[in-house]
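J.: Chains as they are written, first to last, in the working numbering: chain C, 294 to 399; chain S, 5 to 230.
Right, I'll just put the structure down here and ask away after.
This is the structure we're talking about:
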């Protein structure tokens, strides 16, 4: 499937994951590549874009083992946008599905 | 492709595209390699799964274009003005730290004197022991509050110092509040409540004990000679 096509939806998936709790970059990358067939590296540009849009915030947390990790958390703005985008996407997806299945009522 | 090759290509391409915080981006990929290597994958496999570094660098460029132009504008103005402001705040914070330190020690000694009935040089007004204990507890809470505020100020100063000494490129944004700071704030709130509770309880008990709403008259404070 076309990568550009997937990318918009991937943003929604990242936001939906971060709604549950804070994660660090690698965890998010693992979660996405487990479910969706994309290159592992794709998630980092997405995280950066979401952060620059003010949807995500980051903080550094020291770990007992290994280097400190950069955690991503959903901002209030991100939470609100996610709820809106999610509803809009699900609505859109239902319409497309109906169109592609060819069972729209003319 | 090895890790070194992957990182070198990514780094060169990010620089070529003039993407800010390239070091930050590179460190994410470096950690990715570290995690995958720990899982037993080879560098080649990891690099292959990550995808083409040239394409990845381009994705960083495409996503952040509008933000970059904004940042370029703020870079002209913000760092100079903001850093002077931050440096001034540092001086003010240092003064506030000294005040909190003095307050913590003062309230602590008042509380010890009240608890122990140590009336040094007649500085403490006369009062029954039960009032003294309650006022001592209020003073102790105030002392702990000042102490916590002192620690909090130190944390703020450390954050500011880190901001001032770091390169302006990497830290355009002020550091977010750490979890410790949030915890300290919660502690300060509870201490304030404890202080207020003991103070009012002390006043209430003193009024009851002396039988007068203005109990300080009864006990002859402020030279009223009761």
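Virtual Cβ for every residue (Gly too), placed ideally from N, Cα, C.
Is there at least one Cβ from chain C nearer than 8 Å to residue 187/S's Cβ?
T.: The sequence position of residue 187/S within the second chain is 183, counting from 1. Not one chain C Cβ lies under 8 Å of residue 187/S.
J.: In the DSSP assignment, find the unbroken beta strand (DSSP E) run with residue 353/C in it and report its ends.
T.: Translated into positions along the first chain, residue 353/C becomes position 60. 349 to 354 is the extent of the beta strand (DSSP E) around residue 353/C.
J.: Tell me which residues share the same chain as residue 204/S and place their Cβ nearer than 6 Å to its Cβ, disregarding the 5 neighbours each side in the sequence.
T.: Taking the second chain and counting its residues from 1, the one referred to as residue 204/S is at position 200. Contacts found: none.
J.: Distance cutoff 8 Å, beta carbons only. Does residue 219/S sit that close to anything in chain C?
T.: What you label residue 219/S is simply residue 215 of the second chain in a count that begins at 1. With 8 Å as the cut-off, residue 219/S does not count as an interface residue toward chain C.
J.: Is the stretch 357 to 373 of chain C in contact with the stretch 47 to 67 of chain S, if contact means three or more CB pairs nearer than 8 Å?
T.: These segments do not touch.
J.: Output, in sequence order along the chain, the residues in the stretch 48 to 61 of chain S whose CB is closer than 7 Å to any CB in chain C.
T.: The residues in question are 53, 54, 55, 60.
J.: If distances are taken between C-alpha atoms only, which option among 168/S, 209/S, 216/S, 207/S comes closest to residue 90/S?
T.: By 1-based counting over the second chain, the position of residue 90/S is 86. It is 168/S whose Cα lies nearest to the Cα of residue 90/S.
J.: Residue 355/C to residue 50/S, Cα distance in whole Å?
T.: On the first chain, position 62 is the one that residue 355/C refers to. On the second chain, position 46 is the one that residue 50/S refers to. Between residue 355/C and residue 50/S, the C-alpha separation is close to 25 Å.
J.: Residue 134/S versus chain C: which residues are under 7 Å apart at the beta carbon?
T.: The residue given as residue 134/S occupies position 130 in the second chain. In chain order: nothing, as chain C lies at least about 47 Å away.
J.: For residue 166/S, name the three-state secondary structure that DSSP assigns.
T.: If you number the second chain from 1, residue 166/S lands on position 162. Of the three classes helix, strand and coil, the one that applies to residue 166/S here is helix, per DSSP.
J.: Rank 98/S, 6/S, 60/S by C-alpha distance to the C-alpha of residue 46/S and give the top, closest one.
T.: Mapped onto the second chain, residue 46/S falls at position 42. Measuring from the Cα of residue 46/S, the nearest candidate turns out to be 6/S.
J.: For residue 366/C, does the three-state DSSP call read helix, strand or coil?
T.: Translated into the one-based positions of the first chain, residue 366/C becomes position 73. Three-state DSSP puts residue 366/C in a strand.
J.: Could you spell out the range, first to last residue, of the alpha helix (DSSP H) harbouring residue 335/C?
T.: What you label residue 335/C is simply residue 42 of the first chain in a count that begins at 1. No alpha helix (DSSP H) holds residue 335/C; DSSP gives it neither H nor E.
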